[in-house]
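The numbering of the sequence shown is my numbering, which starts it at 6 and goes up by one.
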Amino acid sequence: MSVITLVLLHPLKAVPVQNWTFEPEITIRVGRSMDNDVVLYSAVVSRRHLEIRPVGNQWELVNIGANGTYINGKRIDKTPVVDGMIVRLASSGPQIKIQIDSEDPQMNANLTRRKHSSPVKGKDPAKDTIVS
Numbered sequence: 006m007s008v009i010t011l012v013l014l015h016p017l018k019a020v021p022v023q024n025w026t027f028e029p030e031i032t033i034r035v036g037r038s039m040d041n042d043v044v045l046y047s048a049v050v051s052r053r054h055l056e057i058r059p060v061g062n063q064w065e066l067v068n069i070g071a072n073g074t075y076i077n078g079k080r081i082d083k084t085p086v087v088d089g090m091i092v093r094l095a096s097s098g099p100q101i102k103i104q105i106d107s108e109d110p111q112m113n114a115n116l117t118r119r120k121h122s123s124p125v126k127g128k129d130p131a132k133d134t135i136v137s
């Protein structure tokens, strides 16, 4: 199983704004609710919008939000995660790039138990997850 990183992309420039790195073998929850692993403040994002689940040696993305999750403009319910894929939460919502890294014992030693969130240099972390 591989370490997975979610990268929030800027809505206009498609450049990284913030990222979250997760250890293998946990379910990652994304949505507006504060009890998600990745919290995004956007009116089109559901409280519980999507989950990324470990399935065997892979990750699987599952839409659980009312407004849908999209890949290349196509609404999906469930799909295997592919390194570098970009998903959009709702048809006009925030975009997240998913990166899968080979499991590296040194990297895992640097991760917190659940996740590690890092704002991109020069950005105000308090504003990074507010998506309009």
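Note that beta-carbon positions come from the ideal geometry of N, C-alpha and C, so glycine has one too. Since the model is a prediction, treat every value here as computed from it, not as a measurement.
Unbroken beta strand (DSSP E) run spanning T32, endpoints: No beta strand (DSSP E) contains T32, which DSSP labels as neither H nor E.
Taking the straight line between their C-alpha atoms, what separation do you get for M6 and I33? 14 angstroms
Whole-angstrom distance between R37 and P16, CA atom to CA atom: 17 angstroms
Using only CA atoms, which one of T26, Q63 and I81 lies nearest to L55? I81
Where does S96 land, buried or exposed, given buried means 16+ other C-beta within 10 angstroms? exposed
Extent of the continuous beta strand (DSSP E) run through Y46: Element bounds for Y46: n/a, residue is neither H nor E.
Cβ pair L14, W25 closer than 7 angstroms: no
With the cut-off set at 7 angstroms, would you say I105 and V92 are in Cβ contact? no
Determine the DSSP secondary structure at V87, reduced to helix, strand or coil. coil
Let's test the definition: count the other Cβ atoms within 10 Å of the Cβ of Q23 and tell me whether it reaches 16, buried, or not, exposed. buried
The beta strand (DSSP E) that contains R53, what's its start and end? It is not in any beta strand (DSSP E) - R53 carries neither H nor E in the DSSP assignment.
Close beta carbons around N72, own chain, < 8 angstroms, minus the five adjacent residues each side: V49, V50, S51, H54, L94, A95, S96 and G98
Considering only residues of the same chain and omitting the five flanking positions on each side of P29, which have a CB-CB separation below 7 angstroms? M6, S7, V8, P59 and E108
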